[in-house]
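Okay, so the sequence shown: first residue is 28 according to our numbering, each after it adds one.
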Amino acid sequence: MKIRINNLCKSFDGRFVFNKFNLQLDSENINCIIGESGGGKSTLLNILSGLLKADSGDIIGIKEGDISYIFQEDRLVNWLTVKENMELFIYDYYKKEDVDRKLKEIFKLLHIEDLENKYPEKLSGGMKQRVNIARALLKPSKLILMDEPFKSLDYKTKYSIMAELKIIFKNENRMVIFVTHDVDEAIYMEGNIYILGGKPFDIKGIFTNNLLKFKEEIIKLI
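Structural data, given as structure tokens:
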């Protein structure tokens, strides 16, 4: 999969967030976009997903509806069980006779088999986010967007989930764009790192190999 962003422009109240911004992603690897908080990262994801309209520019390579989005918050419906939350959309993508099998597969993959009949209010933050991730992975999309999905998790839970996702993503033929302000998260995910900064925002640096070796340089660019 290849994505090209050409001459993207987006402004709010007369202030440019992006002005003729260009970026090309042509790898099935995890692509981490890192920068300080308020640095346009979420805006970029929202434009890529279609949730936000750009003022001008072209985005090439993304088909409408071919995206899974893992948000910062879980966005679960509180009065529905975990399984019922999954079933809200799953019939759009799978035949009725395949639904139970797909649910069991994804529950097992993310170690949430015992949660299917529980309501969100009974789940910890880590469990809610596992369900949130499972819901996104269920959609057979070619592009997964992740907007700081580990932001509210404790250290142990965060790295446990990231370790599982690294394995899943290596086995799946999907492109991943992962937004974070945490350098350690970006390095741990072992993908390509794009540093976003400036005003208007632009790519200040790209790192593809030996990420730990370049940690200090990455931090200086943020």
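We put the CB at the ideal spot given by N, CA and C, even for glycine.
Between the Cα of Tyr221 and those of Cys59, Ser38, Gly41, spot the shortest distance and give me the residue it belongs to. Taking the first residue of the sequence shown as 1, we reach residue 221 at position 194. The shortest Cα separation from Tyr221 among Cys59, Ser38, Gly41 belongs to Cys59.
Identify, in the order they occur along the chain, each residue of the same chain with its Cβ nearer than 7 angstroms to the Cβ of Leu136, setting aside the five sequence neighbours on each side. Taking the first residue of the sequence shown as 1, we reach residue 136 at position 109. Excluding residues within five positions, the ones whose Cβ falls inside 7 angstroms are Ile195.
Scan the segment 185-220 and note each continuous beta strand (DSSP E) run of 3 residues or more that stays entirely inside, going in chain order. Segments of the beta strand (DSSP E) lying fully in the segment 185-220: 202-207.
Given Tyr182 as reference, the closest of Arg201, Asn200, Asp211, Met202 once Cα atoms are compared: By 1-based counting over the sequence shown, the position of residue 182 is 155. Comparing Cα-Cα distances from Tyr182 to each of Arg201, Asn200, Asp211, Met202, the minimum goes to Asp211.
Have a look at Lys129 and Glu244 and give me their C-alpha separation to the nearest angstrom. Your numbering for residue 129 matches position 102 in the sequence shown. Your numbering for residue 244 matches position 217 in the sequence shown. Each residue's alpha carbon lies about 43 angstroms from the other.
I want to know whether the segment 150-162 touches the segment 201-208 - three or more CB-CB distances under 8 angstroms. Result no; under three Cβ-Cβ pairs closer than 8 angstroms.
Would you mind reading off the limits of the alpha helix (DSSP H) that contains Ser76? Within the sequence shown, numbered from 1, the residue matching residue 76 stands at position 49. That run of the alpha helix (DSSP H) goes 68-76.
Put Leu35 into one of helix, strand or coil per three-state DSSP. What you label residue 35 is simply residue 8 of the sequence shown in a count that begins at 1. Leu35: strand per DSSP, three-state reduction.
Out of curiosity, what's the CA-to-CA distance linking Asn49 and Glu124? Within the sequence shown, the letter at position 22 stands for residue 49. Within the sequence shown, the letter at position 97 stands for residue 124. Between Asn49 and Glu124, the C-alpha separation is close to 44 angstroms.
Hey, how far is the Cα of Ile139 from the Cα of Ala213? The residue labelled residue 139 in the question sits at position 112 within the sequence shown. The residue labelled residue 213 in the question sits at position 186 within the sequence shown. Between the alpha carbons of Ile139 and Ala213 lies a distance of about 25 angstroms.
How about Ile94 and Leu165: are their beta carbons less than 8 angstroms apart? Counting from 1 along the sequence shown, the entry for residue 94 is found at position 67. Counting from 1 along the sequence shown, the entry for residue 165 is found at position 138. No, the Cβ-Cβ distance between Ile94 and Leu165 is not below 8 angstroms.
Quick one, which of Leu71, Asp40, Gly62 has its alpha-carbon nearest Leu172's? For the purposes of this step, residue 172 is identified with residue 145 of the sequence shown, where counting begins at 1. Measuring from the Cα of Leu172, the nearest candidate turns out to be Leu71.
Within the chosen definition, does the segment 29-41 reach the segment 175-191 through at least 3 CB pairs nearer than 8 angstroms? Counting Cβ pairs under 8 angstroms, fewer than three are found: no touch.
Run the CB neighbour count on Asn219, radius 10 Å, all protein chains shown included, and call it buried at 16 or more, exposed below. As a position in the sequence shown, residue 219 is number 192, starting the count at 1. Here Asn219 is buried. Its C-beta has 16 or more other C-beta atoms within 10 Å.
Ignore the nearest five residues each way along the sequence and tell me which others in Glu91's own chain have a CB closer than 8 angstroms to its CB. Within the sequence shown, numbered from 1, the residue matching residue 91 stands at position 64. So the qualifying residues of the chain are Gly77.
If distances are taken between C-alpha atoms only, which option among Tyr96, Glu111, Tyr120 comes closest to Pro147? One-based indexing of the sequence shown puts residue 147 at position 120. The option with the nearest alpha carbon to Pro147 is Glu111.
Integer-rounded CB distance, given that Cys36 should sit under 8 angstroms from Asp82: The count along the sequence shown starts at 1 and reaches residue 82 at position 55. The count along the sequence shown starts at 1 and reaches residue 36 at position 9. About 5 angstroms; that satisfies the 8 angstroms criterion.
Per-residue burial, Gly65 [other beta carbons within 10 Å of its own, 16 or more giving buried]: Locating residue 65 in the sequence shown gives position 38, where the first residue counts as 1. Looking at its Cβ environment, which holds fewer than 16 other Cβ atoms inside 10 Å, Gly65 is exposed.
Opening and closing residue of the alpha helix (DSSP H) in which Val104 lies: In the sequence shown, counting from the first residue as 1, residue 104 sits at position 77. Taken as a continuous stretch (DSSP letters only), Val104 belongs to no alpha helix (DSSP H), as it is neither H nor E.
Let me confirm a value: Gly225 is counted as buried when at least 16 other C-beta atoms fall within 10 Å, else exposed. Which label applies? Mapped onto the sequence shown, residue 225 falls at position 198. Looking at its Cβ environment, which holds fewer than 16 other Cβ atoms inside 10 Å, Gly225 is exposed.
For a test of the three-state rule: what should DSSP assign to Lys149, helix, strand or coil? Mapped onto the sequence shown, residue 149 falls at position 122. The answer is helix: DSSP assigns Lys149 an H, G or I state.
Can you tell me which residues form a DSSP beta bridge with Arg42? Along the sequence shown, one-based indexing puts residue 42 at 15. DSSP lists Phe39 as the bridge partner or partners of Arg42.
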